[in-house]
Amino acid sequence: MRRRGRERRGRPAPAPVAVRTAFAEAEVIASDASSRTLLLDGREAGVVDLKDPTRLTFGYMRRIADLIDAFRPKGSSVDVLHVGGGACALPRYVEATRPHSRQLVWEIDPGVVALAREHLGLRAFPRLRVKVGDAAELIAGRPDRSADLVIGDAFDGPHVPAALSVAAFVAHVRRVLRPAGVYALNVIDVPGLEEVRVHDELMRAVFGNVAWVAPPGVLRERAPGNVVLLGSGVPLPLETLRRRAAAAVPREQVLER
């Protein structure tokens, strides 16, 4: 990775940049004057706006932000565990809207963390704790009832890593969450939704309340796309989420399981 001298905090090095990390071919490109896109093996893995951290480009991230907004009012604090960091768009959103929150980000790829710090403006958010490591191993060390939200956004190619797709991991997530906490998991799938159904079954085994959020075409198995699965031990704020999803562009839907 070429370094252009030490950058001042919050001022990332100019895009574009390309580097081979331990896990992927990674690139950072300038989407527009203030936005940067992280590509991993050619796939968009994250977009951040260096001037406006509340601007979320991906629809699934906006739906998770809807959950955060429904869960805890802006200006209050929330304890969040992020499984998968990437460009850290959602952690920045939480920090910008709830600056007294405690957040921990787990990212398995040290090269991605370096890119986020040097080229994606992560140094401007010194309160964000980022730990390099495998979430499947780290989760066992987290205290019981220590998080309000666990957000899963980690991938091995287009799939949720196998080690995060087992009952033992989801049981740990349930243990780490407080009684009213929510597990939000991003899954990319194709018509048939086989991977989504695997995670739905895992969630329903430990959570009494589960819902899916996705575009109508994805839920009807007519198109590939992102599905956000939500699991909680208490009723989810479905009406609020439905209103926000229905008003989204493009429109999305909430399906209670």
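Just so you know, the sequence shown maps onto residues 6 to 262 in my numbering. Glycine included, every Cβ here is placed at the ideal spot set by N, Cα and C.
Let me confirm a value: residue i is counted as buried when at least 16 other C-beta atoms fall within 10 Å, else exposed. Which label applies?
i: Arg87; result: The question names Arg, but residue 87 in the sequence shown is His. Looking at its Cβ environment, which holds 16 or more other Cβ atoms inside 10 Å, His87 is buried.
i: Ala250; result: buried
i: Ala94; result: buried
i: Ala252; result: exposed
i: Ser170; result: buried
i: Ala92; result: buried
i: Thr59; result: exposed
i: Pro163; result: exposed
i: Pro166; result: buried
i: Pro255; result: exposed
i: Asp46; result: exposed
i: Arg48; result: exposed
i: Asp57; result: exposed
i: Arg134; result: exposed
i: Gly80; result: exposed
i: Glu100; result: buried
i: Glu226; result: exposed
Look at the alpha carbon of residue i and the alpha carbon of residue j, and state the distance between them as a whole number of angstroms.
i: Arg150; j: Trp111; result: 18 Å
i: Ser36; j: Pro221; result: 27 Å
i: His105; j: Pro184; result: 21 Å
i: Val223; j: Val137; result: 33 Å
i: Ala68; j: Ala27; result: Note that residue 68 corresponds to Arg in the displayed sequence, not to Ala. For Arg68 and Ala27, the distance between alpha carbons rounds to 31 Å.
i: Arg179; j: Asp54; result: 32 Å
i: Tyr98; j: Ala38; result: 19 Å
i: Ala176; j: Phe160; result: 19 Å
i: Pro96; j: Leu120; result: 16 Å
i: Glu206; j: Leu154; result: 20 Å
i: Arg9; j: Ile193; result: The predicted model places Arg9 with a pLDDT of 31, which falls under 50 and marks its position as unreliable; any figure quoted below should be read in that light. Cα to Cα, Arg9 sits roughly 36 Å from Ile193.
Shortest alpha-carbon distance to residue i belongs to which of the options?
i: Arg103; options: Leu143, Val192, Val83 and Leu120; result: Val83
i: Gly90; options: Pro115, Pro58 and Val187; result: Pro115
i: Leu125; options: Ala23, Asp153 and Leu198; result: Ala23
i: Gly213; options: Asp139, Gly236, Phe28 and Arg256; result: Gly236
i: Pro196; options: Ala228, Arg41 and Phe63; result: Ala228
i: Leu246; options: Asn231, Val218 and Arg262; result: Val218
i: Val181; options: Gly146, Asp161 and Val201; result: Gly146
i: Ala29; options: Pro21, Leu43 and Gln108; result: Leu43
i: Val211; options: Glu226, Glu200, Glu244 and Phe174; result: Phe174
i: Ala168; options: Pro148, Pro21, Leu143 and Val239; result: Leu143
i: Arg209; options: Ala31, Ala172 and Ala75; result: Ala172
i: Phe130; options: Gln108, Ala140 and Asp205; result: Gln108
i: Pro21; options: Gly186, Asp71 and Glu123; result: Glu123
So, does the CB of residue i fall closer than 8 Å to a CB anywhere in chain D?
i: Pro240; result: Included in the structure is just one protein chain, with no chain D present.
Throw me the rounded Cβ distance for the residue i and residue j pair, which I believe falls under 8 Å.
i: Leu234; j: Val203; result: That pair is no contact at about 10 Å.
i: Gly230; j: Ala189; result: Wrong, their Cβ atoms sit about 16 Å apart, outside the cutoff.
i: Gly64; j: Glu257; result: 7 Å
i: Pro242; j: Ala75; result: 4 Å
Task: Contained alpha helix (DSSP H) runs [length at least 4] in the segment 225-249, N- to C-terminal order - done: Listed in chain order, there is nothing to give.
- [ ] Could you tell me which uninterrupted beta strand (DSSP E) segments, each at least 3 residues in length, are contained entirely in the segment 111-189, listed from first to last along the chain?
- [x] Counting whole runs of 3 or more residues, the segment 111-189 contains the beta strand (DSSP E) stretches 134-137 and 152-157.
Task: Start-end ranges of the alpha helix (DSSP H) lying completely within the segment 10-91, minimum 4 residues - done: 64-76
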